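Novice: Numbering (the working numbering), first residue to last: 1 to 194.
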């Protein structure tokens, strides 16, 4: 089966109507070996490009020297997405979830791809009015959380959204601890190097 733009746009519309059903349809795609990794890299790349556009449309008082290099921004986005995938997968395993690591990667990739158009809209309005942009970004982030809850329910074959929400809360705690540990190790390493 060839997956082209009509199928992708159909999945996008289905996801907007019913996030869980959309996620289940994405998970059911007959993807060839290695395709999930390519989709993941593509989603990270597109997210990085949109983030770069956010810096371009930033207020004039933002110092251009403070903006991250494109490659660094990509690595950071890649790392954060990978940590999210690993966390969601292992929390799911601990709580008897059924999602595989490949399915988790696919669902996180799909989340990033679905939220991209909304982020672009937020950037557009943010360039017109900062306060309006902030409100739209907040709404987009809330919608992203709603999508993630539904996606995790589909991913781990959970019986309720509440179970998925609890799993995500645990994942957030795990992410915070993991990032804190990583930062402390990195800080120690930088200290030793100095």
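From the three backbone atoms N, C-alpha and C, an ideal C-beta is built for every residue, glycine too. The model shown is predicted, which means the values in this text are computed figures rather than measured ones.
Taking the beta carbon of residue 124 as the centre, do at least 16 other beta carbons fall within 10 Å, making it buried, or is it exposed?
Specialist: Against the chain shown, residue 124 aligns to sequence position 124. By the 10 Å Cβ count, residue 124 comes out exposed.
Novice: Output needed for residue 171: all residues of its chain with C-beta closer than 6 Å, excluding positions within five of it in sequence on either side, in chain order.
Specialist: Working through the chain shown from its first residue, we reach residue 171 at position 171. Once the five neighbours on either side are set aside, the close Cβ partners of residue 171 are 87, 88 and 91.
Novice: Give a yes or no on contact between the segment 24-44 and the segment 102-114, applying the rule of three or more CB pairs nearer than 8 Å.
Specialist: Yes, the segment 24-44 is in contact with the segment 102-114.
Novice: Is residue 168 closer than 8 Å to residue 195 when the C-beta atoms are compared?
Specialist: Residue 195 cannot be examined here, being either before or after the span of the chain that is shown, 1 to 194.
Novice: Are the C-beta of residue 154 and some C-beta of chain D separated by less than 8 Å?
Specialist: Protein chain content of the structure displayed is limited to a single chain, and chain D is not contained in it.
Novice: Roughly how many whole angstroms lie between the Cα atoms of residue 18 and residue 33?
Specialist: Here the question's residue 18 lines up with position 18 in the chain shown. Here the question's residue 33 lines up with position 33 in the chain shown. If I take the Cα positions, the gap works out to 27 Å.
Novice: For residue 51, which residues of its own chain have a beta-carbon under 8 Å away from its beta-carbon, when the five flanking residues on both sides are left out?
Specialist: Residue numbering aside, residue 51 sits at position 51 when the chain shown is read from its first letter. Excluding positions up to five away in sequence, the list reads 73 and 77.
Novice: What do you reckon, are the CB atoms on residue 263 and residue 154 nearer than 8 Å?
Specialist: This structure cannot speak to residue 263, because the chain is shown only from 1 to 194.
Novice: Taking C-alpha atoms, which residue in 144, 70 and 133 lies nearest to residue 165?
Specialist: Along the chain shown, read from residue 1 onward, the residue named residue 165 stands at position 165. Measuring from the Cα of residue 165, the nearest candidate turns out to be 144.
Novice: Could you name each continuous alpha helix (DSSP H) segment of 4 residues or more that falls completely within the segment 98-156, going from the start of the chain to the end?
Specialist: Qualifying alpha helix (DSSP H) stretches, in chain order: 101-128 and 130-155.
Novice: Taking residue 31 as the reference, which of 4, 119, 14 and 81 has the closest Cα?
Specialist: As a first step, residue 31 is located in the chain shown; it is residue number 31 there, counting from the start. Closest by alpha carbon: 4.
Novice: Look at the alpha carbon of residue 175 and the alpha carbon of residue 85, and state the distance between them as a whole number of angstroms.
Specialist: Position 175 of the chain shown, counted from the start, is the residue given in the question as residue 175. Position 85 of the chain shown, counted from the start, is the residue given in the question as residue 85. Taking the straight line from one Cα to the other gives about 10 Å.
Novice: Give every residue of the same chain whose Cβ lies closer than 6 Å to the Cβ of residue 47, excluding the five residues on either side of it in the sequence, and list them in chain order.
Specialist: Residue 47 sits at position 47 when you count from the first residue of the chain shown. Here the set comprises 77 and 112.
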